[in-house]
Each structure stands twice: as C-alpha cells, then as structure tokens.
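2 protein chains.
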Amino acid sequence: MSVKSRVTLKNGSRINYDYLVIAAGAVKDYAAIPGFREYGYSVCDDYQAPRMWEAIQNFKGGNIVIGAAKTRWDEKSTDIKLDAPCEGPIGEIMFMLDFYLREHDLREISTITVFTPGKIFFDDVGPKIHKKIEPLIVKKDIKVVYEKVICRIEMKSVHFEDGTELPSDLTLVIPPYTGPDVIKESGIGDQYGFIRTDKSMRHPVYKNIFVVGDCNANSMPKLGHIATIQADVAASSFIKEITGEGEVMEFKPEVFCIMNRGGSEATLILSDTLFGGKVDITLNGPLAHIMKWGFDVYSYYTRGKLPPEFIQNSLEKMLKEFK
Amino acid sequence: MSVKSRVTLKNGSRINYDYLVIAAGAVKDYAAIPGFREYGYSVCDDYQAPRMWEAIQNFKGGNIVIGAAKTRWDEKSTDIKLDAPCEGPIGEIMFMLDFYLREHDLREISTITVFTPGKIFFDDVGPKIHKKIEPLIVKKDIKVVYEKVICRIEMKSVHFEDGTELPSDLTLVIPPYTGPDVIKESGIGDQYGFIRTDKSMRHPVYKNIFVVGDCNANSMPKLGHIATIQADVAASSFIKEITGEGEVMEFKPEVFCIMNRGGSEATLILSDTLFGGKVDITLNGPLAHIMKWGFDVYSYYTRGKLPPEFIQNSLEKMLKEFK
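Top line first, the protein sequences correspond to chains A and B.
Counting in this note's numbering, the first sequence runs from 13 upward without gaps.
Counting in this note's numbering, the second sequence runs from 13 upward without gaps.
Structure representation (structure tokens):
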C-alpha cells in the first residue's frame, strides 16, 4: 500500500485505485507475551481455539487464570482508549469453563481467577450492566483482580507488570491488539498500525481512502457490530462522494453482543454509555442463547453474511422495547 | 401396502418388513371444493403458494375471503374432531395480507372476511389465547364469520352449506384434509385414510406397524410439532419392543407454533388446553418473528432438520419461564 493510490498484492501485482476501502482488521499479538507460545492458550481464531480445547480436555483440576492483555493506543489517533479492547471473550471463557468444570466434577478442585488490565472489568459497558453481571460472577465463585497487566506466562504462573504473580495450571489470555503490518508500513496509519478517520470513515488526509472495522483507530471496542455500523456509514459517505446524493449517516456506535455462559444460559448486552449514551441493558437467559444460535447458524451457512434486513428490523424493534 | 407385512413401491418392487413406520402425511383435498381450481387459491405447498402470490400481486382492491374447509373424521378412529385441523395458516394469511395491502395502499378499498367451519376460530387453542388474538383481529379490521362450511367457489363469490354466500374477488382457502390413497386402499386405516394407534403409536391390530404424523388419526391438530412428539414416542416404543429396555414415553401433545403477522410482528402460541392441560399462552412481537426466522433458516440450510438438542433445551427452559 502506498500514498500513490496503488495497492500491491502478495503475489506482487499492483492495482491502481480511485477509491480504497480498508477493512484489514486487527492482529492479535500473541508474540508480545513471553511464554504464551509454550504455556498460554487463547480462543479467537481457528488455530488457537482447538489448541485451547485440547488443553481444557487434559486439565484435571488446579488453578486457572484468564484475562486480557493491555493494548497500547496512539495518543493522537485513538480517542477512547480501552485497556482491553473487548473482554467479551473473557466473559464467555470464564462462564463456559465454570460450566464445563461442574459438568466434569472438576470445579471443586479448581480455582478460576480473572485479571483485567483496567480498573473496571467489562470497561466498554456501563454501571447498570456491571450490576447485573457481578452477581453472576460471584455466584460462580470466579475471582476478579484489577489493574493487572500481564507481562509473562510461565509453566505454573502468570506474571504482571507490578511484580505480582498468580499460580496457574491453565492460562487463557486475549493478547494485545495491534494493527496489520501492511498499515504500519504504508505511512497512512499510526505507530501501532491503526488508521484515524473522520466520522464519515474517511482518512483525514487521503480523502479517497475509507477505513472500517478493527483497523480504524476509533473502532472501540473492537467489535463486529461496530464494524458493520462503520461499514454503513462509509457506504453512505461513498455514495454521497460519487453521486452527490443522499446524506452521510451519523456514526452512532453501540456495544451489542451476546455472551454465552454455558448450557442454555447467555447474556445479551446492549450499551452506548461508552459513547455518552444512556442505554445500558442486559437480557439474561435461554432466549439470548437461542438468538445467538440463530445468528451463528445463519452466518455459518451463508459463509459469513449478516441476517437479512427484515430480521435486523425485528431486532431493532425488540431492542427498542427494552430501552 | 398390505397386511402381509409387505409394501409395494411405485416402481412395482416389493419389500417385506418386520416392522413398519408409516409417516405418510395427509393430503390437502383441493378437488373437494368445486370451483377451487378456477377461482380458489391456497398456500400450503410449493405449487399453490407461488400461484397465490401471483394472484395477490394482480389484486387491485376488492373483497377478500379467507378460510378453512371442514374436514370429516371417522367417528371411531379420531377422538378429538376439529372442524378445521389447523387454522394457523389462515391466521398468517389474513394478517400478512392485511400488512401487504396497507403497504400497497390497497387496504382502504378492500375488505377481509375470514370464515371458520366451527363455532370458535383457532379452535385448537384455549380462551386465554383467543382473548389475546381477538383484539389484533379487530384492530386490523378483519371480520370473522362462524359455522360457515364452504361448498363452492365462483368467480365473484364463495358459497356455504347453509345456503349463504360472500362476495369475493380473491378467495384463499385451506381445503379439507384426507388421508393418503395408499392407506385407504391398504385396509389398515379408516374410511378417510387415517390410522388409529394406541398411545405408543402402534397399530391396535398390526402391532408391528407404527404411525406418526398427520396420517395418524389422533394427530390433532395436524401440526409438525405434534408429529415430532409422536416420532419420539414411537421411537421409545420401538426401542422397548426390540431391546426390552427403556420405557415408552408418555404422549403429551401440545400446540406450539409461531404465526407471522407481517413486517416484524409474529405471535408465538403454546397451548395444551385441547388435551385437558392448563397451558395457554402467547408471546407477541418481533422476538417471536426472530425465533421463527431462526427455525426457518436452520431447516432450510439443513434440508429439513430440527434445531439441535441444546437449542430445543433452551427453548423448553424459556417456555417454562412463561408457564
């Protein structure tokens, strides 16, 4: 990628462009945690997830430590700086692992400790949601420790920047996020490989470049739902640019996800407090689990498509009833 | 099919059996309504549905008449005798058509009249559900007429056995149900081609024959959900027969369906009052619509499979919260 309106593909071929949409995602920087390769496990891709599943099946009781690493953001390009850009997977791992251990009569001979790099666990949602989720965590006998920035994993322990450590027989982490190398090298992003845009998803200098999804410096938290909102904004912005018609959609981000919690349990989360809004709600129970399944099934069979517009309309209507 | 423990296939080949499971369904007897072929439309198969859709698209306003024909049941083989074995599709047609006409600015120049052969519309569910659905029908300006047994469709009218008629520019009906010819000819069913079984889904005389689904004389209403319950009972009964192990599941039928009502609206119905129970509930709104979509998507992509057991467990848990 260069500022010459040209992209170079891996096979060496070059393509000139009039407009460029970058949706290159973020990279999970496993190598940033010494000892991860030997003693750490993770969940967010199809190499790490089966590797973790094998480790869980071999686990016969002991101390489990779960948490997200701290991600660094560029002061100038990222406005909202979450220490962990999304702790949803941490929530899913801890609850589902608790469920699994109980099913396998291992829970009583195991501890689950969750560390978070920030002062607040699930920092991307607001106090009403925290109040709903905290009792669930306590009920499952999961201990949460705060302001712990992971710096090293050893065979029997996890070490933090403040010099403390936790004993651990099974360490499950979300590594720090970084932007893709291609962006770092392109000169159009920040030091970490993320790209700042204006609110219409356009690069402030190279106006013919649009950036959506995790590689956008202000996609925060790093969440599929926010990527799709950005895509809609970018599309409206692009249509206005080339046709002169329509209006650029206002970018109104919100956190929306469903966290599976083992068995039939799940928690739907909808919140915009991180962006100054007042919506901060959960829906607990098997219904949320069914909804996540419906989404997964559709996405699986259509190879990654989002549910059709009429279903998104239903969802919006339903969520409005909550609000 | 014969009582000689042998079935004959359409291609003439014969197969002897030790055990036979009959799941031949019911037949919608369109020919039983004179004038249907010329002036009537219906919805329950992939020939009738597109034909009806074309008629709806050509409709430019006028009188619409919708209803189910009366089905005859054998006194001795069918215990619960519903005049219309399932009016769910009638509910879907009338609400979705109302929605469609409003979208196309045709509602004000059209009337929708629904006839039912019995004294009660949606006779397979109880008074609590009727109370919830009636206001929706009134709100949509849909008129319901009772004890009207259709006997003829003409170009501009629908005629009933009591000598009355309704003016109609578009007539949409569910025809009477009958059993398949193969059962009528086999000698193991009743005069209408339905087969009575005991509560373990076994033929009372030919104990090596199991019957599940619409062709079972006591599958009432004729509903996919009840067919799957019967299949579970038949399977447990068959397992006990050949292994001597396990127990025959108790047959506990219930009416469970989701009726789309146009746009994001839908109504989930769960009721067992027809079978002497006390459950009689609805869930209205976009959530029910999302649930039906999830079911449809899964069934479509898996070519007819039911959602996996863990999702059925979630559903059961959710429905228990209702009850």
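Just so it is clear, CB atoms sit at the ideal spot from N, CA and C, and this is done for glycine as well.
The structure displayed is predicted, hence computed values, not measured ones.
Next on the checklist: Looking at chain A, is there any beta carbon in it that lies within less than 7 Å of the beta carbon of Met330(B)?
Outcome noted: Within the second sequence, residue 330(B) is the residue found at index 318, counting from 1. So yes, Met330(B) belongs to the interface.
Checklist entry - Quick one: what's got a C-beta closer than 8 Å to Val137(B)'s C-beta in the same chain, skipping five residues either side? => result The count along the second sequence starts at 1 and reaches residue 137(B) at position 125. Around Val137(B): Val267, Ile281, Ser283, Thr285, Leu286, Asp292.
Item to check | Under 9 Å from the C-beta of Tyr313(B): neighbouring residues of chain A | outcome: The residue you call residue 313(B) lines up with position 301 of the second sequence. Going along chain A in sequence order, the residues near Tyr313(B) (Cβ under 9 Å) are Val309, Tyr310, Tyr312, Tyr313, Thr314.
Checklist entry - Can you find a CB in chain A that lies within less than 7 Å of the CB of Trp85(B)? => result Walking along the second sequence from the start, residue 85(B) turns up at place 73. Output row for Trp85(B): interface = no.
Checklist entry - Between Pro187(B) and chain A, is there a C-beta pair that is closer than 7 Å? => result Residue 187(B) sits at position 175 when you count from the first residue of the second sequence. No, no contact with chain A.
Checklist entry - Expressed to the nearest angstrom, what Euclidean distance is found between the alpha-carbon atoms of Lys65(B) and Lys82(B)? => result Here residue 65(B) refers to the residue found at position 53 of the second sequence. Here residue 82(B) refers to the residue found at position 70 of the second sequence. It is Trp, not Lys, that sits at residue 65(B) in the sequence shown. Each residue's alpha carbon lies about 24 Å from the other.
Checklist entry - How about Leu295(B): is its C-beta nearer than 7 Å to some C-beta of chain A? => result Stepping through the second sequence from its first residue, residue 295(B) is reached at position 283. No, Leu295(B) does not count as interfacial toward chain A.
Checklist entry - Hey, Cys98(B) and Pro188(B) are a contact pair by Cβ (cut 8 Å); roughly how many whole angstroms apart? => result Here residue 98(B) refers to the residue found at position 86 of the second sequence. Here residue 188(B) refers to the residue found at position 176 of the second sequence. No, Cys98(B) and Pro188(B) are not in contact; Cβ-Cβ is about 12 Å, not under 8 Å.
Item to check | Own chain residues within Cβ distance below 6 Å of His301(B), not counting five before or after | outcome: Stepping through the second sequence from its first residue, residue 301(B) is reached at position 289. Answer for His301(B): Ser276, Ala278, listed in chain order.
Checklist entry - Does the pairing of the region 178-185 of chain B with the region 73-90 of chain B give three or more beta-carbon distances under 8 Å? => result yes
Item to check | Where Ser276(B) sits in the DSSP three-state scheme | outcome: Working through the second sequence from its first residue, we reach residue 276(B) at position 264. The answer is coil: DSSP assigns Ser276(B) none of H, G, I, E or B.
Item to check | Range covered by the alpha helix (DSSP H) that runs through Val33(A) | outcome: Position 21 of the first sequence holds residue 33(A). Careful: Val33(A) lies outside any alpha helix (DSSP H), inside the beta strand (DSSP E) at 32-34.
Checklist entry - Ile9(B) to Leu21(B), Cα distance in whole Å? => result No information on residue 9(B) is available, as it lies outside the stretch 13 to 335 that chain B covers here.
Next on the checklist: Would Asn228(B) and Asp91(B) qualify as a contact pair, given that the criterion is a beta-carbon distance under 7 Å?
Outcome noted: The residue you call residue 228(B) lines up with position 216 of the second sequence. The residue you call residue 91(B) lines up with position 79 of the second sequence. No, Cβ-Cβ distance for Asn228(B) and Asp91(B) is not below 7 Å.
Item to check | First through last residue of the beta strand (DSSP E) which encompasses Leu182(B) | outcome: Looking up residue 182(B) in the second sequence gives position 170. Per DSSP, Leu182(B) belongs to the beta strand (DSSP E) from 182-186.
Item to check | Buried or exposed by the 16-neighbour rule on C-beta atoms within 10 Å, applied to Ser14(A) | outcome: Here residue 14(A) refers to the residue found at position 2 of the first sequence. At Ser14(A) the pLDDT is 49, less than 50, meaning the model places this residue with poor confidence; the figure from the coordinates comes in the next sentence. Result: exposed.
Checklist entry - From Gly316(A) to His171(A), what distance separates their C-alpha atoms? => result Taking the first sequence and counting its residues from 1, one reaches residue 316(A) at position 304. Taking the first sequence and counting its residues from 1, one reaches residue 171(A) at position 159. Cα to Cα, the separation comes out at about 38 Å.
Item to check | C-alpha gap between Ile251(A) and Gly289(A), whole angstroms | outcome: Translated into the one-based positions of the first sequence, residue 251(A) becomes position 239. Translated into the one-based positions of the first sequence, residue 289(A) becomes position 277. Going by the C-alpha atoms only, they are around 28 Å apart.
Checklist entry - Comparing the C-beta of His116(A) with each C-beta of chain B, is any distance below 7 Å? => result Taking the first residue of the first sequence as position 1, residue 116(A) is located at position 104. His116(A) does not count as touching chain B.
Checklist entry - Do you know offhand how far Glu262(B)'s Cα is from Val245(B)'s? => result Stepping through the second sequence from its first residue, residue 262(B) is reached at position 250. Stepping through the second sequence from its first residue, residue 245(B) is reached at position 233. One C-alpha to the other measures close to 7 Å.
Checklist entry - So, do the region 157-168 of chain B and the region 29-48 of chain B have three or more beta carbon pairs nearer to each other than 8 Å? => result yes
Checklist entry - Run through DSSP, which three-state label would Tyr189(A) get? => result For this step, residue 189(A) is matched to residue 177 along the first sequence. Strand at Tyr189(A).
Checklist entry - Is Asp86(B) closer than 7 Å to Tyr204(B) when the C-beta atoms are compared? => result By 1-based counting over the second sequence, the position of residue 204(B) is 192. By 1-based counting over the second sequence, the position of residue 86(B) is 74. Result yes, Cβ atoms of Tyr204(B) and Asp86(B) sit closer than 7 Å.
Checklist entry - Looking at the structure shown, is Glu262(A) part of a helix, part of a strand, or coil, going by DSSP? => result Here residue 262(A) refers to the residue found at position 250 of the first sequence. Correct three-state label for Glu262(A): coil.
Next on the checklist: What does the alpha-carbon distance come out to for the pair Asp95(A) and Arg84(A)?
Outcome noted: Residue numbering aside, residue 95(A) sits at position 83 when the first sequence is read from its first letter. Residue numbering aside, residue 84(A) sits at position 72 when the first sequence is read from its first letter. About 7 Å.
Next on the checklist: When you compare the CB of Gly306(A) with every CB in chain B, is at least one pair closer than 7 Å?
Outcome noted: For this step, residue 306(A) is matched to residue 294 along the first sequence. Cβ-Cβ to chain B under 7 Å: yes for Gly306(A).
Item to check | Residues near Gly155(B) by beta carbon distance below 8 Å, same chain, minus five either side | outcome: As a first step, residue 155(B) is located in the second sequence; it is residue number 143 there, counting from the start. Checking the sequence, you will find Lys at residue 155(B) rather than Gly. Only Thr123, Ile124, Thr125, Val126 meet the Cβ criterion.
Item to check | Cβ-based neighbour list, Asp57(B), same chain, cut-off 8 Å, excluding 5 preceding and 5 following | outcome: For this step, residue 57(B) is matched to residue 45 along the second sequence. Contacts found: Lys40.
Item to check | Sequence ranges, alpha helix (DSSP H) only - wholly within the region 59-111 of chain B, length at least 4 | outcome: 60-70
Checklist entry - Is Phe224(A) helix, strand or coil when you go by DSSP? => result Along the first sequence, one-based indexing puts residue 224(A) at 212. Before going further, note that residue 224(A) is Val rather than Phe in the sequence given. Coil at Val224(A), not helix or strand.
Item to check | is_contact[His301(B), chain A] using C-beta, thresh 7 Å | outcome: The residue given as residue 301(B) occupies position 289 in the second sequence. Judged by the 7 Å Cβ criterion, His301(B) is in contact with chain A.
Next on the checklist: Distance cutoff 7 Å, beta carbons only. Does Ile323(A) sit that close to anything in chain B?
Outcome noted: Reading the first sequence from its first residue, position 311 is the one you call residue 323(A). Yes, its Cβ sits closer than 7 Å to a Cβ of chain B.
Next on the checklist: Contact between the region 135-154 of chain A and the region 302-321 of chain A is defined here as three or more beta-carbon pairs at a separation below 8 Å; is this criterion met?
Outcome noted: no
Item to check | Residues bridged to Gly171(B) [DSSP beta-bridge criterion] | outcome: The residue you call residue 171(B) lines up with position 159 of the second sequence. The identity of residue 171(B) in the sequence shown is His, whereas the question assumes Gly. Answer is Arg164(B), Glu177(B), bridged to His171(B).
Next on the checklist: Quick check on this structure: which residue in Gly24(A), Gly52(A), Lys335(A), Ile323(A) has the alpha carbon closest to the alpha carbon of Val185(A)?
Outcome noted: Counting from one through the first sequence, the residue named residue 185(A) turns up at place 173. Among Gly24(A), Gly52(A), Lys335(A), Ile323(A), the Cα nearest to that of Val185(A) is on Gly52(A).
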